[in-house]
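Add 89 to a position in the sequence shown, counting from 1, and you land on the number used in the numbering used here. See below for the structure under consideration.
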Amino acid sequence: MQTLIIEDEKPAARLLQRKLEKLGLGVSTMLHSVQEAIVWFAQNPHPDLIFLDIQLSDGLSFEIFEAIEIKSAIIFTTAYDQYALKAFKLNSIDYLLKPIDEEELEAAVQKYQSRQQTVSSTLDFEQIRQMFSAQQPSFKKRFTVKVGQQIKVIPVDDIECFYSENKGTYLHTFDNRSYLLETSLDLLENELDQQQFFRVSRKFIVPLKAIREITVYTNSRLKLILPTYREDEVIVSRERVSDFKTWIG
Numbered sequence: 090m091q092t093l094i095i096e097d098e099k100p101a102a103r104l105l106q107r108k109l110e111k112l113g114l115g116v117s118t119m120l121h122s123v124q125e126a127i128v129w130f131a132q133n134p135h136p137d138l139i140f141l142d143i144q145l146s147d148g149l150s151f152e153i154f155e156a157i158e159i160k161s162a163i164i165f166t167t168a169y170d171q172y173a174l175k176a177f178k179l180n181s182i183d184y185l186l187k188p189i190d191e192e193e194l195e196a197a198v199q200k201y202q203s204r205q206q207t208v209s210s211t212l213d214f215e216q217i218r219q220m221f222s223a224q225q226p227s228f229k230k231r232f233t234v235k236v237g238q239q240i241k242v243i244p245v246d247d248i249e250c251f252y253s254e255n256k257g258t259y260l261h262t263f264d265n266r267s268y269l270l271e272t273s274l275d276l277l278e279n280e281l282d283q284q285q286f287f288r289v290s291r292k293f294i295v296p297l298k299a300i301r302e303i304t305v306y307t308n309s310r311l312k313l314i315l316p317t318y319r320e321d322e323v324i325v326s327r328e329r330v331s332d333f334k335t336w337i338g
């Protein structure tokens, strides 16, 4: 049985590969973009089963089906809300919600093996595409903060980190200024693009672009050095270290 993974985040693809290998399912190929997949499918026999991410680095994976008639069975792997994915059940398409649970992965593979039927491009992928276009998450692109009697707009790209202190939540910018926000880190975590921001501890959320150095710290933790923030040590908590390493690739 030939199995293929299409996933733009290489650490996530390797992690899925290891989980599949534990189930005795070898992965023959891993692809990471729409264009790479189109070229590969045009030149190679199609696999029996595809694990397919929805949002790839160069577009939605449905573009692959527009260019190539795919005969393989498909299990979607996606970070989209499970309520939006109910439509897939109507089309007999299995899906796994990220982060992928090993028991759910095993159940999906067993479901495929028991059916041994092909989910082909005869499915209405345009309808599914439209559903996902409507359901794509909208991440915060800017924050407004009050400075005296003025309102200041701060783009997300200018933010070095978010942190909590004395029951308040602050953003810290690359020009070494901190601003109080009327929210919490828990709420912020759901409003930020998780490919770009990571909750390293109960106190800090940091963007990938702000990490200058990573050093080993006590008790199996990691210490991050940011460009300007020096008020406190930015520590990756022990229980988040593994996920953090996967996130940074």
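C-beta atoms are modelled at their ideal positions from N, C-alpha and C, and glycine is treated no differently.
Consult DSSP for Ser122 and reduce its assignment to one of helix, strand or coil.
coil
Run the CB neighbour count on Ala196, radius 10 Å, all protein chains shown included, and call it buried at 16 or more, exposed below.
exposed
If Leu185 sits next to Glu193, beta carbons under 8 Å apart, how far is it from one beta carbon to the other, in whole angstroms?
6 Å
Residue burial classification, Ser273 (beta-carbon count within 10 angstroms, cutoff 16)
exposed
What are the start and end residues of each continuous alpha helix (DSSP H) run of 4 or more residues lying completely inside the region 255-296, in chain order?
274-280
Can you look up Phe197 in the DSSP assignment and give me helix, strand or coil?
First, the residue type needs correcting, since residue 197 is Ala and not Phe in the sequence shown. Ala197 falls in the helix class under three-state DSSP.
My output table needs one value for Asp183: the three-state DSSP class, helix, strand or coil.
strand
Could you check which residue in Val325, Phe293 and Leu315 has the C-alpha nearest to that of Thr307?
Val325
In this structure, what does DSSP give as the bridge partners for Gln144?
Leu149
Look at the alpha carbon of Leu114 and the alpha carbon of Tyr318, and state the distance between them as a whole number of angstroms.
46 Å
Do you know offhand how far Gln124's Cα is from Lys187's?
23 Å
How many Å lie between Phe130 and Glu280 at the Cα?
36 Å
Within 10 Å of its beta-carbon, does Thr304 have 16 or more other beta-carbons around it, so buried, or fewer, so exposed?
exposed
Pick from Lys160, Val245 and Ile164: whose alpha carbon is nearest that of Ile294?
Val245
Anyone know if the C-beta pair for Ser146 and Ser122 falls short of 9 Å?
yes
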